[in-house]
Each structure stands twice: as C-alpha cells, then as structure tokens.
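Student:
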Amino acid sequence: MTGESNRSMTDRSITGKSITDKSLTGKMRSFVCFLEMHEKCTLAVILFLWLLFVVFVYMYKNCYSKIYTEDFEYSDELQYCIDDISVKNAQISGWCLKPGADIRIYDIRLILWSDALGYGYVVPAMMNRRSDMTKYMDDGYNYEKSGFSCMINPKFIKKEAYKILIRYQCDGSSEVADTGKYYIPDYAVTYDEPDISGQLAYYVDGVSVADGMVYGWCFKQGKDLEQFDTDLILWNEDMCYGYECPGYMLKDENITAEFNDGYNYDKSRFVCMLDNSIIRNGNYKIYIRYQCDGENEAVDTGIFYHYYKQKAVRMTKEPDLTGKFAYELETVSDVDRTVSGWCCEPGESIQEYGINLILWKQDRGYGYTIPAYMDERKDITQRFDDGCNYDKSGFFCDLNGSRLVDGKYRIYIQYACNGQEQTVDTGQYICVEE
453 MTGESNRSMT DRSITGKSIT DKSLTGKMRS FVCFLEMHEK CTLAVILFLW LLFVVFVYMY
513 KNCYSKIYTE DFEYSDELQY CIDDISVKNA QISGWCLKPG ADIRIYDIRL ILWSDALGYG
573 YVVPAMMNRR SDMTKYMDDG YNYEKSGFSC MINPKFIKKE AYKILIRYQC DGSSEVADTG
633 KYYIPDYAVT YDEPDISGQL AYYVDGVSVA DGMVYGWCFK QGKDLEQFDT DLILWNEDMC
693 YGYECPGYML KDENITAEFN DGYNYDKSRF VCMLDNSIIR NGNYKIYIRY QCDGENEAVD
753 TGIFYHYYKQ KAVRMTKEPD LTGKFAYELE TVSDVDRTVS GWCCEPGESI QEYGINLILW
813 KQDRGYGYTI PAYMDERKDI TQRFDDGCNY DKSGFFCDLN GSRLVDGKYR IYIQYACNGQ
873 EQTVDTGQYI CVEE
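First residue of the sequence shown? That's 453 in the numbering used here, and the numbers climb one at a time after it.
1) DSSP state of Ser649, grouped into three classes?
2) Applying the 10 Å Cβ sphere with the 16-neighbour rule, what's the burial state of Cys796?
3) Is the distance from the Cβ of Ile618 to the Cβ of Cys548 below 8 Å?
4) Please check the pair Pro798 and Asn808, which I expect to be a contact at CB under 8 Å, by giving their CB distance rounded to whole angstroms.
5) Starting from Asp831, follow the beta strand (DSSP E) in both directions and report where the run begins and ends.
6) Would you say the segment 675-695 touches the segment 859-873, given that touching needs at least three Cβ pairs under 8 Å?
7) Buried or exposed, going by whether 16 or more other CB atoms sit within 10 Å of the CB of Trp502?
8) Is it buried or exposed, Leu677, if we count other Cβ atoms within 10 angstroms and call 16 or more buried?
9) Starting from Glu705, trace the alpha helix (DSSP H) both ways and give me its first and last residue.
10) How many angstroms separate the CA atom of Trp565 from the CA atom of Asp786?
11) List the residues that DSSP assigns as beta-bridge partners of Ser792.
12) Starting from the Cα of Thr631, find the closest Cα among Tyr595, Ser545, Lys703 and Pro551 and give me that residue.
13) In the DSSP assignment, the alpha helix (DSSP H) including Met585 goes from what residue to what residue?
14) With a cut-off of 8 Å, do at least 3 Cβ pairs link the segment 689-699 to the segment 721-738?
15) Nearest by alpha-carbon distance to Asp657: which of Tyr571, Cys602, Phe756 and Gly572 is it?
16) Trp812 and Arg862 - do their beta-carbons sit closer together than 8 Å?
17) If I follow the unbroken beta strand (DSSP E) through Lys737, where does it start and stop?
18) Just checking my contact of Tyr742 with Cys670 at CB under 8 Å: how many whole Å lie between their CB atoms?
19) Which class does Glu873 belong to by DSSP, given the choice of helix, strand or coil?
20) Per DSSP, what kind of secondary structure is Glu747 in: helix, strand or coil?
21) Counting only the same chain and skipping the five closest in sequence on each side, list residues whose C-beta sits under 8 Å from that of Glu525.
22) Tell me the residue span of the beta strand (DSSP E) that contains Arg721.
23) For Tyr717, tell me which candidate among Gly668, Gly746, Glu749 and Glu689 has the shortest Cα-Cα distance.
24) Short of 6 Å in beta carbon distance, which residues of its chain neighbour Ile609, apart from the five on each side in sequence? Order them along the chain.
25) When you compare only the Cα positions, how much space is there between Gln673 and Leu652?
26) State the DSSP-derived secondary structure class of Phe524, mapped to helix, strand or coil.
27) Spell out the partners DSSP gives Asn580 in its beta bridges.
28) What three-state label does DSSP hand Leu617 in the structure shown?
29) Once the 5 residues before and after Glu770 are set aside, which same chain residues still bring their CB inside 7 Å of it?
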C-alpha cells in the first residue's frame, strides 16, 4: 500500500472524503480522527441538546408561572368576550382584540388571580382563528387571530376562586383586561338533604343562571373567621339529589365595618361558580353549608337556582300580541348569539313565572320558541320603587347549540307570570349565521 493511500485512510473525514496533509494542520487532523472514533457519542450529544431545546420551548409556551402582584395596568381599549368556562372540560375560551390594528405578532395569556391566596397563575392560551370577528368589526382591519382557548391543568393550581384576567401582548405592547368572570374547580353530587342546624348570619347578593354564579356572604356572629369553609348545596326536592358546590372566599372589609362588633368578618364573602353543562334541568333550592372549627352548620336561604337547558321548539304560527308588560332588551349580540334584558308587570310582584323568546323568521313563515334563564335584577325593583318585588325580572338567552337555521329573526318576548301569559313584539332582530 502506498504512502498516498495510507494518508488517505488516516485523514478520512466523517463525510468520507480524502483530506491531504496540506489542507489540514496537525490539530485539525486530530479533531477529525476524534470525531471518527466517537461518531455515535457525538450524534447522541447533538440529539440530547436538540431534545433539551424542544423541552425548553414547550415549557416556556405551556407551563404556568406565578404572579404575586395585582398591580396591573388595565386597558379600556381592549374588546373581549369569554365565550365558555367549562369546569367539566377544564377549559376557558373566548376572544380578545384591540380595535384599529391588524393582529400580527401577538400572545394572549390568562391570569387566574386569587384574592384568598394573594397570588395568581399566568396560563398560556392557544390561538383560535375567528374570521367572524373581522366581519363583525368591519373597520378594514384583520382580527382573525383574536380567538383563544386555554386548558386548565388542575394539578398546577390550588382549589380556589380565580378571577379571570386577559393579558394581551401584540406588536410590542402589553395590556390587561378584567373580564369580571371567575374560574373555580369541580364539585360533586350528593343524595343527602342538608340538615338545617345553623344560627348563621348570611345574605345571597346575587344568583345568575346565565353566568352560572351564586355569591353572597356568611359567618357566625361573635367569632373571628380563621379556619373555615363555605359551600353551597343545590338541592332538587323533586329528584331527591343535589350538587355540592365549593364556595370560595373573597375579602370584603365592608362586612366587618357594617356589623362593627369587634370581630373580623373580612373573609365572610363567597362566590360559587357552577358549570351548567353538568347540572340537570330543574329547580334547585340553595343551602349554605358553613364549617368552622369542627362545627358543621347549614341554612336554607329560601332562594332557588332555576336551570333549564335551552332547546329551541319550532313553531309555524306567528305569535299573538297580547302583552302590555314593561320590558327592555339590553343586549342583542349577533356575534355571541345572546339576548338579555328584563320584563315585568308593573304593580304585581313576581312569584311563579317563565320567560321565553320567540324568534320569528318572517320570510319563511316559521320561528322558534327558546326558554330564557332568570337573572336576578334587584335594580329593577329599586327603579320602580312601588312596593312590589321585581328581583326575578331579568332574563338571558344563549342561542348557541339551539340549531337554528341561518337567517334574520324578529324577537318576541313571551312572559308567563302568576298564571297569565303575554307576548310582545320588541321590534328588534338578531342575525344567526354559522
């Protein structure tokens, strides 16, 4: 074998090409020989570094980080909507945008903030394309990337009440919006009717079936609040079962100031979020269960949570206009497919009642009857101030999932109260499109 062939063998690179003495220094030849001898190890190291980089990127994009300050700069310019809060699927979805600017480089994250814990979690969200938002805004800008969906991993967060904030970063700017919504983990079914044994001070401030929310305050007077739990039980007397729903603490110094008896009731306020997709149709009496220092007490609030899934019933007869009651449609949203407002008969307190919307498609001669949820509206009682109770006058109707045929519908309100049924034509329309 010639000297030339020997050099060719000893100087062979990992690419298989011959390398001469003139083209490489002694150190370079030594490095090439090292790579030849440890080729498998070198590839393993490169693969490990690549996997480490991928894991780092994934962790950055998907892992939660804690935030310890609530000193956010809230924006009045952001437009947003939380379309769905599902405790069952541990998911929050919606859309967020800043009018007057195309969405190019952006990042949407949710901040779940707990007053009880004193800190929150920054949760990554995935982008959902929403071409309907560009059409809805209709201002010449592109908002297709405004949708988001966020999966909540219960292993990463403590079971508390979390206020939902949206952190919107787009083209170098960062802004925060307070949605006014809450996310609270799951709850269980019970078949034991609560024992009424409590001597508690309590008040239910509001019941919103539309938002799946019950909130108020509860405590045992003459005792500082230290270790305690406040839960709600929604009990269906007809079906003999109920739902145990954890209530989560919100601080409110006004309660202590109001009673002014030397004890601290700052932690007495609670909020309970209900996942309506889990609850079966029915009327549920609301109990408050209060556990403090080993004692377990419950009170019957006398208030009901009325829930009925909204199924559209097709009708072919145009509604008869027989109503003269007071009403107002406060929200008619083609984008969110929701209608809300209030209605009542002045001079008559609301006891037994039911509210339906009738959506009439005039060009086809048919329509749909859709039941509406009750929303508590104490402000309506205060507005009339005539001695009658109109707290149950609010309503909310969600058309998503109603399987309506696309088109333009005229809105009627069908109001049944205290044995009388009336219908009015609001003169307003809602457009339903896929």
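By construction, the Cβ of each residue, glycine as well, lies at the ideal position given by its N, Cα and C atoms.
Tutor: Answer, in terms of the structure:
1) coil
2) buried
3) yes
4) That belief does not hold up - the Cβ atoms of Pro798 and Asn808 are roughly 20 Å apart, past 8 Å.
5) Run containing Asp831: none in the beta strand (DSSP E); it sits in the alpha helix (DSSP H), Lys830 to Phe836.
6) no
7) exposed
8) buried
9) Glu705 to Phe711
10) 31 Å
11) Thr783 and Phe848
12) Ser545
13) Ser583 to Met589
14) yes
15) Phe756
16) yes
17) Gly734 to Cys744
18) 6 Å
19) strand
20) strand
21) Glu627 and Val628
22) Arg721 to Met725
23) Gly668
24) Tyr573
25) 7 Å
26) coil
27) Gly599
28) strand
29) Trp812
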